[in-house]
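Add 71 to the 1-based position in the sequence shown for my numbering, that's all there is to it. We put the beta carbon where it would ideally sit given N, CA and C, even for glycine.
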Amino acid sequence: MVSTEGRPPERPAEQPAHRLTADAVARRLGVKVETVYAYVSRGLLTSVRAEDGRTSLFAPDEVDAVARRAGRGRGGSPALEEVRTALTLIRDDDLFYRGAPVSRLVRTHSFESVAAWLWSESLDADEVFEADAASLAVARAAVAALPASARTIDRMRVAVASAAAVDPLRYATDADSVTATAGSLLATMVEALPLVGSAPRVAESPTTGAPASAPASTTTFTFTSTPSLAERLWPRLTVRPSSPATLAALDAALVLTADHGLAASTTAARIAASVRADPYSVVQAGLGAVDGPHHGLASALAYRLLAEAHASGDPAAVVSERLRSRVPVPGFGHEAGIYRQGDVRARELLAFLREIPEAAPVMRTLDDLADVMSRRPALRPNVDLALAALALSCAMPADAGEGVFVVGRTAGWIAHALEEYQAKPHRFRPTGTYTGPRPD
Numbered sequence: 072m073v074s075t076e077g078r079p080p081e082r083p084a085e086q087p088a089h090r091l092t093a094d095a096v097a098r099r100l101g102v103k104v105e106t107v108y109a110y111v112s113r114g115l116l117t118s119v120r121a122e123d124g125r126t127s128l129f130a131p132d133e134v135d136a137v138a139r140r141a142g143r144g145r146g147g148s149p150a151l152e153e154v155r156t157a158l159t160l161i162r163d164d165d166l167f168y169r170g171a172p173v174s175r176l177v178r179t180h181s182f183e184s185v186a187a188w189l190w191s192e193s194l195d196a197d198e199v200f201e202a203d204a205a206s207l208a209v210a211r212a213a214v215a216a217l218p219a220s221a222r223t224i225d226r227m228r229v230a231v232a233s234a235a236a237v238d239p240l241r242y243a244t245d246a247d248s249v250t251a252t253a254g255s256l257l258a259t260m261v262e263a264l265p266l267v268g269s270a271p272r273v274a275e276s277p278t279t280g281a282p283a284s285a286p287a288s289t290t291t292f293t294f295t296s297t298p299s300l301a302e303r304l305w306p307r308l309t310v311r312p313s314s315p316a317t318l319a320a321l322d323a324a325l326v327l328t329a330d331h332g333l334a335a336s337t338t339a340a341r342i343a344a345s346v347r348a349d350p351y352s353v354v355q356a357g358l359g360a361v362d363g364p365h366h367g368l369a370s371a372l373a374y375r376l377l378a379e380a381h382a383s384g385d386p387a388a389v390v391s392e393r394l395r396s397r398v399p400v401p402g403f404g405h406e407a408g409i410y411r412q413g414d415v416r417a418r419e420l421l422a423f424l425r426e427i428p429e430a431a432p433v434m435r436t437l438d439d440l441a442d443v444m445s446r447r448p449a450l451r452p453n454v455d456l457a458l459a460a461l462a463l464s465c466a467m468p469a470d471a472g473e474g475v476f477v478v479g480r481t482a483g484w485i486a487h488a489l490e491e492y493q494a495k496p497h498r499f500r501p502t503g504t505y506t507g508p509r510p511d
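Below is the structure:
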């Protein structure tokens with residue numbers, strides 16, 4: 072028999088129904104009975120006396136809460152907050168990919184190189200992603216069948232499903248196979264999109280071949296002779312000619328959105344990988360979760376705000392009217408409260424946009440909006456507003472930021488899948504807390 076000496080005093084029982092005994096709690100939590108009473112001492116559980124005056128009883132809801140926090144739900148599932156990852160660190164308002172500050176990577180390496188860094192800790196400056204010809208042909212045909220009103224993210228979803236259907240090696244989950252699939256898939260997702268117009272890749276001087284109107288980018292890497300993913304994505308988002316500075320900004324946006332820890336879409340991707348779903352299905356899981364206004368679609372809402380403020384010439388009035396109408400002001404702060412001094416991703420992308428002369432009018436509007444919102448210290452521009460500024464200043468549609476976000480984040484989903492493929496399968500099994508009527 073377990074001694075009761077030293078236990079905290081118990082409240083008199085109110086005789087509620089369906090209480091659990093200490094033995095039942097111990098079995099539920101997978102601990103010893105002594106540990107159950109230790110939880111009582113620490114205030115994690117509340118015990119009451121049964122009618123016999125000796126037996127301790129516990130509320131099931133409290134026990135379930137302890138089970139969730141301890142990650143000891145049925146099936147031994149770890150709590151999601153306990154997932155160990157070597158990919159992304161957010162510390163002191165800075166963002167790091169495998170220990171490398173994103174603020175440096177975004178200036179020194181292309182998106183392809185950063186994706187390879189996330190996947191294999193290799194910073195290959197010549198990394199190139201090429202689509203499989205057969206997969207691309209099928210994906211293009213499927214995307215072309217969609218109505219003109221289809222969103223960019225819908226087209227990408229169809230492209231992923233089509234490429235998966237014709238890949239006989241899709242179920243290979245070893246690291247080399249996954250990274251090969253990922254590079255080809257990213258290229259397919261981009262190249263399956265229809266061209267917006269016949270925009271040249273780079274606006275060049277007819278005499279020198281140098282950029283005709285835009286200054287050289289301050290990035291220290293150069294694009295290879297094979298078009299980069301940013302170069303291929305550009306004419307699928309806008310009819311404007313590109314320049315070194317605009318391509319650098321688009322590439323930076325891809326780098327900055329590649330990963331951000333266990334966001335909702337990344338968690339969905341990891342759960343899919345944990346049951347050994349193939350890489351295409353992992354990306355589809357991420358696409359499903361990202362397609363919401365509180366995640367990947369937030370940039371479209373920020374675009375509408377920025378466009379309205381820019382057209383009106385009175386950002387303060389636009390903000391005031393939204394608040395008066397109880398309409399949220401998107402593009403500021405972070406719902407998870409991750410950054411205290413502002414979103415580093417927004418800060419870096421906006422710095423790239425300030426190097427583009429054509430973006431100056433939109434940037435002035437953004438700065439005016441930021442001045443209005445700065446009266447509340449926590450409300451600084453986030454990456455959604457920065458993506459909106461990229462889209463608006465480069466004559467892209469409202470959903471362009473969503474497409475950029477998805478391409479960038481696909482690299483992160485694959486990186487997390489690679490980690491998950493090395494972990495114990497089927498390890499995510501959260502335990503629900505039943506709140507319905509108790510059976511008789």
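Distance between residue j and residue i (C-alpha atoms, nearest Å)
| i | j | result |
| --- | --- | --- |
| D330 | D470 | 20 Å |
| P131 | C465 | 56 Å |
| H487 | I409 | 20 Å |
| M227 | V261 | 8 Å |
| A378 | A387 | 13 Å |
| E426 | A417 | 15 Å |
| A190 | A369 | Rather than Ala, the amino acid found at residue 190 in this sequence is Trp. Rounded to the nearest angstrom, the two C-alpha atoms are 27 Å apart. |
| Y108 | P508 | 28 Å |
| G474 | T92 | 54 Å |
| P401 | L456 | 8 Å |
| A210 | T106 | 57 Å |
| A157 | D385 | 45 Å |
| T293 | V237 | Note that T293 has pLDDT 49, beneath the 50 cutoff, so the model's placement of it is unreliable and the number below is only indicative. Computed Cα separation, rounded: 34 Å. |
| M467 | A340 | 28 Å |
| L318 | E302 | 7 Å |
| V154 | D197 | 32 Å |
| P218 | L264 | 13 Å |
| D94 | A136 | 17 Å |
| P428 | S314 | 11 Å |
| P286 | A430 | In this predicted model, P286 has a pLDDT of only 38, less than 50, meaning its place in the structure is not dependable; the value taken from the coordinates is given anyway. When rounded, the distance between both Cα atoms is 13 Å. |
| F423 | V346 | 40 Å |
| A343 | P432 | 43 Å |
| G144 | D362 | With a pLDDT of 42 at G144, under the threshold of 50, the modelled position of this residue cannot be trusted, and the question is left open. |
| F472 | R99 | Just to set this straight, residue 472 is Gly in the shown sequence, not Phe. Their Cα atoms are separated by approximately 46 Å. |
| A382 | A234 | 41 Å |
Anticipated Cβ contact below 8 Å, residue i with residue j, distance rounded
| i | j | result |
| --- | --- | --- |
| V199 | T309 | So it is not a contact: roughly 23 Å between Cβ atoms. |
| S255 | E201 | 7 Å |
| G404 | R480 | Wrong, their Cβ atoms sit about 20 Å apart, outside the cutoff. |
| F182 | V326 | 5 Å |
| V187 | L176 | At residue 187 the sequence reads Ala, which differs from the Val that was named. So it is not a contact: roughly 12 Å between Cβ atoms. |
| D164 | S174 | Not really, about 11 Å apart at Cβ, beyond 8 Å. |
| L304 | V477 | Contact flag wrong, Cβ pair sits at about 11 Å. |
Opening and closing residue of the beta strand (DSSP E) in which residue i lies
| i | result |
| --- | --- |
| A165 | Before going on, a small fix: residue 165 reads as Asp here, not Ala. First-last of the beta strand (DSSP E) with D165: D165 to Y168. |
| T156 | Counting along the chain, T156 falls outside any beta strand (DSSP E), and DSSP gives it neither H nor E. |
Enclosing alpha helix (DSSP H) for residue i [first to last residue]
| i | result |
| --- | --- |
| L358 | P350 to V361 |
| R418 | V415 to L424 |
| R226 | T223 to A236 |
| V119 | Segment S118 to R120 is the beta strand (DSSP E) holding V119; no alpha helix (DSSP H) there. |
| P432 | A431 to M444 |
| V199 | Segment: none, V199 is in no alpha helix (DSSP H) and carries neither H nor E. |
| H381 | A369 to S383 |
| M260 | A246 to E262 |
| F499 | Counting along the chain, F499 falls outside any alpha helix (DSSP H), and DSSP gives it neither H nor E. |
| A323 | P315 to L327 |
| G474 | A471 to Y492 |
| S184 | F182 to S191 |
Beta-carbon gap between residue i and residue j smaller than 8 Å
| i | j | result |
| --- | --- | --- |
| Y492 | T244 | yes |
| T159 | L207 | no |
| N55 | D414 | Here the chain covers residues 72 to 511 and nothing more, so residue 55 does not appear. |
| G357 | T328 | no |
| L333 | V390 | no |
| A360 | A335 | yes |
| V231 | Y351 | yes |
| E482 | L420 | Here residue 482 turns out to be Ala, not Glu, going by the sequence shown. Cβ distance not < 8 Å, so A482 and L420 don't count as in contact. |
| R241 | D349 | yes |
| V229 | A213 | yes |
| S118 | F129 | yes |
| L489 | A171 | no |
| L257 | P306 | no |
Those residues which DSSP pairs with residue i across a bridge
| i | result |
| --- | --- |
| V310 | Answer is none; V310 lacks a bridge partner. |
| P452 | F403 |
| V346 | DSSP lists no partner for V346. |
| S127 | R120 |
| R162 | D165 |
| T92 | L128 |
| A171 | Y168 |
Any chain C beta carbon closer than 8 Å to residue i
| i | result |
| --- | --- |
| F423 | The chain inventory of the structure shown lacks chain C, comprising one protein chain alone. |
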